[in-house]
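Residue numbers (our numbering), protein chains in the order written: chain A, 256 to 572; chain B, 392 to 950. The beta carbon of each residue, even a glycine, is placed where N, CA and C say it ideally should be. Note that the structure is a prediction, hence the values are computed from the model and not measured. Report on the structure given below.
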Ligand SMILES: Cc1cc2nc3c(=O)[nH]c(=O)nc-3n(C[C@H](O)[C@H](O)[C@H](O)COP(=O)(O)OP(=O)(O)OC[C@H]3O[C@@H](n4cnc5c(N)ncnc54)[C@H](O)[C@@H]3O)c2cc1C
Ligand code: SF4
Ligand code: SF4
Ligand code: FES
């Protein structure tokens with residue numbers, strides 16, 4: 256069948272370097288992947304199209320791009336799945352990264368953030384003669400994160416990175432988790448201590464995008480949540496983020512729903528004027544977009560049930 | 392001025408292992424790769440890495456014997472002994488760096504069975520062993536002081552008075568050419584899979600280092616030995632790991648018969664790769680296949696095992712074929728997979744040209760001889776990468792940097808590249824030349840070969856080399872010009888193709904992966920020797936070198 260492929264292009268050397276669209280007609284069948292089509296275009300139609308690709312089997316992490324609006328590996332996406340009756344497919348470079356040319360983005364900040372989490376094993380004491388003994392379950396569990404191919408899809412679509420480029424982001428944090436959870440690593444606490452700082456684990460808004468787009472089932476958000484728990488258990492509970500969570504729990508257990516107006520107050524403390532002021536823009540933006548939480552916070556009608564859940568979950572004192 | 396004691400070209404397993412070794416020895420080390428290190432093709436290795444661990448009741452001699460036999464006695468036994476002796480040490484050091492190998496019930500490293508070996512001695516991380524090791528070496532690279540040039544393409548080696556003093560390289564992002572000076576250069580550029588079409592190899596596996604060394608006058612060895620893997624997908628050539636058969640999957644013909652019973656009654660599906668690929672080719676040729684394929688059946692392994700240990704091929708089935716391999720068999724056929732031959736080196740990675748080292752798939756020590764055993768290649772990369780790094784660092788200590796006319800050298804290279812960019816359209820395309828080459832190589836230098844076919848392939852290559860000199864590059868820009876990169880790669884691949892065809896025509900017998908219908912028998916009297924090919928102004932020149940035999944005298948190979 257015939258397919259129309261729309262590709263977002265950019266040539267920094269053009270007289271007027273502005274993004275534009277190229278449209279190509281290609282023949283595809285049931286098994287053709289998006290990458291196959293792009294290679295076909297590059298080899299037979301238009302050699303000026305730049306993209307990164309290598310393995311063709313979802314293992315090298317080169318070919319992340321936005322296909323119909325979401326980051327995916329081009330080589331893992333069959334055209335027949337996204338455009339079952341032919342029609343058209345739209346391809347753009349990854350988001351949250353600067354475009355160098357066409358579908359090629361600048362990944363330097365991506366690698367810098369990976370490096371920022373000290374991504375190497377730090378065992379304690381002298382090395383054993385043989386291997387470190389470790390339960391297979393732990394290794395299988397780690398395999399779930401080690402499966403990350405550093406493709407950047409999660410970073411492309413992360414909603415926090417869109418507004419705060421300092422956020423370490425899902426890929427680097429998933430990488431950090433790989434060491435936090437490694438029974439051979441001795442630096443769990445120091446690692447958590449540095450991850451709980453600004454731009455770390457507490458900056459994620461739990462939007463789930465990274466979980467949805469990850470082609471390898473790494474589920475970065477879930478790993479971030481586990482690290483939050485670990486950080487709190489390790490006694491790092493005075494942190495803004497940790498207090499945010501505490502406040503969250505307190506409010507929900509009180510009224511059965513989140514009082515978004517009280518949350519910031521509880522998190523930073525009522526007398527922290529500067530921090531309170533810093534919330535103003537968020538509040539304003541929310542107001543403009545019609546998302547301002549109700550001023551009079553109503554209790555859920557069956558709030559008793561919610562409170563019962565919390566009592567059940569609360570550790571016995 | 393970019394300058395290093397040791398410069399490693401390639402950041403796959405061999406390259407990163409070499410660089411880590413060199414920096415540990417105190418050498419000022421650089422590593423350069425045309426893709427980000429974790430994109431290197433080593434990550435495609437699914438199955439695992441071999442080592443005979445004494446405390447598991449295994450012995451290195453057994454591993455060495457299996458390797459020698461697998462090589463069809465063309466492997467050098469002294470090198471094989473060395474590799475198998477240090478395998479355990481290398482494996483444990485990878486574990487100490489952080490590789491999350493699968494464990495047994497006691498928390499020790501677990502093993503799986505692999506082809507051509509009588510014992511389960513393959514250590515693994517699910518079915519992404521290569522990726523798991525590659526990413527851990529990358530972690531170590533980040534921790535180290537090594538300078539890393541990422542997305543830089545090496546275009547030439549710099550030679551002065553018969554000695555290598557560095558490389559010329561193009562920074563892909565800007566298209567600028569730089570000279571990086573080095574006292575020693577270690578080539579770790581991987582295989583040459585894309586010389587064939589189809590191939591299991593990634594698109595970046597284009598034999599660059601092999602051709603660069605060849606052009607610099609280093610002899611290539613065993614180039615006729617090209618491995619076809621028994622289980623690849625039709626069309627794309629994507630690999631289904633031997634781990635599947637290691638875990639117990641069957642090969643079936645169209646009647647549902649486990650045909651390997653007739654070809655290798657004792658090892659069955661786990662006979663050596665050349666043997667299984669030939670058996671499949673015969674089945675398909677005799678009409679026992681289905682659409683040119685046979686079937687790989689995993690169904691009886693059960694959903695849990697498949698999802699836990701063969702997760703990647705479960706995904707490949709779903710993504711590329713739209714089938715659930717727990718419910719349906721996979722159609723497979725032999726496909727080009729690995730180059731046993733390469734840049735001739737000694738056990739320290741040193742070539743006959745001062746300053747040039749090689750390790751990994753681009754090198755030929757030779758530990759694989761006529762046929763590589765599954766999971767021996769990852770071992771080869773770390774063992775010889777490590778040794779080359781050590782040796783190069785040591786040698787660099789006693790060497791002083793020659794003065795070079797950097798501007799002149801960079802200028803010449805820029806001119807060469809500019810000429811390619813300036814060519815006018817002539818209707819021809821880089822991709823078309825590559826396809827013609829790949830198709831000819833697959834047709835005539837595949838599982839079965841004969842004189843006429845190979846001659847035809849060589850003629851084709853020579854014509855393609857002509858076409859190559861005028862083929863235009865469509866993208867005229869400097870920034871991330873992938874079109875230009877393909878052009879450079881094609882030139883290097885054509886040299887590799889020629890070296891393969893010339894060597895294969897020379898070997899008038901059948902041994903390992905080199906099966907000739909016109910010379911169907913192995914002939915130890917005349918051909919128990921390596922074939923070397925050297926580039927000269929008059930064309931490729933053939934010479935020989937003896938096979939080193941220590942404790943295993945050649946005998947007939949039965950599985
Ligand atoms: C699908 C598949 C599965 C496999 N499974 C197994 C297995 O289970 N067990 C096993 O032992 N082996 C396996 N192998 C073989 C094994 O993976 C390879 O032989 C091995 O990984 C090669 O490693 P390397 O370090 O030599 O090269 P590579 O990992 O290929 O690295 C080459 C490096 O060189 C760089 N480079 C190349 N040219 C240039 C240039 N011109 N300029 C700059 N840089 C350059 C590249 O960027 C790259 O970093 C498998 C191979 C394939 C294809
Ligand atoms: S869940 Fe968190 S890390 Fe993941 S995309 Fe959303 S904000 Fe980013
Ligand atoms: S977590 Fe998933 S999406 Fe993110 S880089 Fe790793 S593999 Fe890619
Ligand atoms: S090409 Fe390697 S992940 Fe798509």
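Measure the beta-carbon distance from residue i to residue j and round it to whole angstroms, keeping in mind my assumption that it falls under 8 Å.
{"i": "residue 411 of chain B", "j": "residue 531 of chain B", "result": "6 Å"}
{"i": "residue 472 of chain B", "j": "residue 455 of chain B", "result": "5 Å"}
{"i": "residue 687 of chain B", "j": "residue 725 of chain B", "result": "The pair is not a contact, with the Cβ atoms about 12 Å apart (cut-off 8 Å)."}
{"i": "residue 933 of chain B", "j": "residue 924 of chain B", "result": "6 Å"}
{"i": "residue 316 of chain A", "j": "residue 429 of chain B", "result": "7 Å"}
{"i": "residue 427 of chain A", "j": "residue 372 of chain A", "result": "5 Å"}
{"i": "residue 377 of chain A", "j": "residue 470 of chain A", "result": "Contact flag wrong, Cβ pair sits at about 29 Å."}
{"i": "residue 904 of chain B", "j": "residue 665 of chain B", "result": "5 Å"}
{"i": "residue 321 of chain A", "j": "residue 290 of chain A", "result": "With a Cβ gap of about 14 Å, residue 321 of chain A and residue 290 of chain A do not count as contacting."}
Rounded to a whole number of angstroms, what is the C-alpha to C-alpha distance between residue i and residue j?
{"i": "residue 543 of chain A", "j": "residue 468 of chain A", "result": "Residue confidence is low: residue 543 of chain A scores 43 on pLDDT, short of 50, so the model does not pin down where it sits. Its coordinate-derived value is still stated next. So the alpha carbons of these two residues sit roughly 30 Å apart."}
{"i": "residue 514 of chain B", "j": "residue 563 of chain B", "result": "37 Å"}
{"i": "residue 458 of chain B", "j": "residue 766 of chain B", "result": "11 Å"}
{"i": "residue 554 of chain B", "j": "residue 762 of chain B", "result": "32 Å"}
{"i": "residue 797 of chain B", "j": "residue 570 of chain B", "result": "7 Å"}
{"i": "residue 495 of chain B", "j": "residue 439 of chain B", "result": "15 Å"}
{"i": "residue 458 of chain A", "j": "residue 419 of chain A", "result": "9 Å"}
{"i": "residue 416 of chain B", "j": "residue 408 of chain B", "result": "13 Å"}
{"i": "residue 578 of chain B", "j": "residue 489 of chain A", "result": "47 Å"}
{"i": "residue 685 of chain B", "j": "residue 591 of chain B", "result": "17 Å"}
{"i": "residue 465 of chain A", "j": "residue 391 of chain A", "result": "27 Å"}
{"i": "residue 297 of chain A", "j": "residue 305 of chain A", "result": "8 Å"}
{"i": "residue 324 of chain A", "j": "residue 262 of chain A", "result": "12 Å"}
{"i": "residue 260 of chain A", "j": "residue 334 of chain A", "result": "10 Å"}
{"i": "residue 874 of chain B", "j": "residue 294 of chain A", "result": "11 Å"}
{"i": "residue 370 of chain A", "j": "residue 400 of chain A", "result": "16 Å"}
{"i": "residue 477 of chain A", "j": "residue 706 of chain B", "result": "22 Å"}
{"i": "residue 751 of chain B", "j": "residue 256 of chain A", "result": "43 Å"}
{"i": "residue 898 of chain B", "j": "residue 920 of chain B", "result": "10 Å"}
{"i": "residue 364 of chain A", "j": "residue 410 of chain A", "result": "11 Å"}
{"i": "residue 916 of chain B", "j": "residue 516 of chain B", "result": "43 Å"}
{"i": "residue 531 of chain A", "j": "residue 421 of chain A", "result": "Note that residue 531 of chain A scores 47 on pLDDT, short of 50, meaning its location in the model is unreliable; the coordinates nonetheless yield the value given after this. Their Cα atoms are separated by approximately 21 Å."}
According to DSSP, is residue i part of a helix, a strand, or is it coil?
{"i": "residue 703 of chain B", "result": "helix"}
{"i": "residue 259 of chain A", "result": "strand"}
{"i": "residue 551 of chain B", "result": "strand"}
{"i": "residue 471 of chain A", "result": "coil"}
{"i": "residue 417 of chain A", "result": "helix"}
{"i": "residue 356 of chain A", "result": "strand"}
{"i": "residue 352 of chain B", "result": "The displayed coordinates of chain B run from 392 to 950. Any statement about residue 352 of chain B would go beyond what the structure contains."}
{"i": "residue 780 of chain B", "result": "helix"}
{"i": "residue 393 of chain A", "result": "helix"}
{"i": "residue 564 of chain B", "result": "coil"}
{"i": "residue 688 of chain B", "result": "strand"}
Take the Cβ of residue i as the centre, count every other Cβ of all protein chains shown within 10 Å, and call the residue buried at 16 or more, exposed below.
{"i": "residue 388 of chain A", "result": "exposed"}
{"i": "residue 813 of chain B", "result": "exposed"}
{"i": "residue 941 of chain B", "result": "exposed"}
{"i": "residue 445 of chain B", "result": "exposed"}
{"i": "residue 392 of chain B", "result": "exposed"}
{"i": "residue 653 of chain B", "result": "exposed"}
{"i": "residue 383 of chain A", "result": "exposed"}
{"i": "residue 681 of chain B", "result": "exposed"}
{"i": "residue 283 of chain A", "result": "buried"}
{"i": "residue 481 of chain B", "result": "buried"}
{"i": "residue 386 of chain A", "result": "buried"}
Subject >> Touching by the beta-carbon criterion (3+ pairs, under 8 Å), the region 828-839 of chain B and the region 584-594 of chain B >> reply: Taking 8 Å as the limit for Cβ pairs, the verdict is that the region 584-594 of chain B does touch the region 828-839 of chain B.
Original post:
Is the number of C-beta pairs between the region 622-639 of chain B and the region 500-508 of chain B that are closer than 8 Å three or more?
Top reply: Yes: at least three Cβ pairs fall under 8 Å.
Original post:
Counting Cβ pairs, one atom from each stretch, are 3 or more of them under 8 Å apart for the region 867-887 of chain B and the region 845-859 of chain B?
Top reply: Contact between the region 867-887 of chain B and the region 845-859 of chain B is present: three or more C-beta pairs spanning the two stretches fall below 8 Å.
**OP:** Would you check if there are 3 or more beta carbon pairs closer than 8 Å linking the region 591-606 of chain B to the region 725-739 of chain B?
**Re:** Touching, per the Cβ criterion.
Original post:
Is there contact here, the region 436-446 of chain A with the region 338-351 of chain A, by at least three beta-carbon pairs under 8 Å?
Top reply: For the pair of segments examined, the region 436-446 of chain A was found not to touch the region 338-351 of chain A: the number of CB pairs separated by less than 8 Å stays below three.
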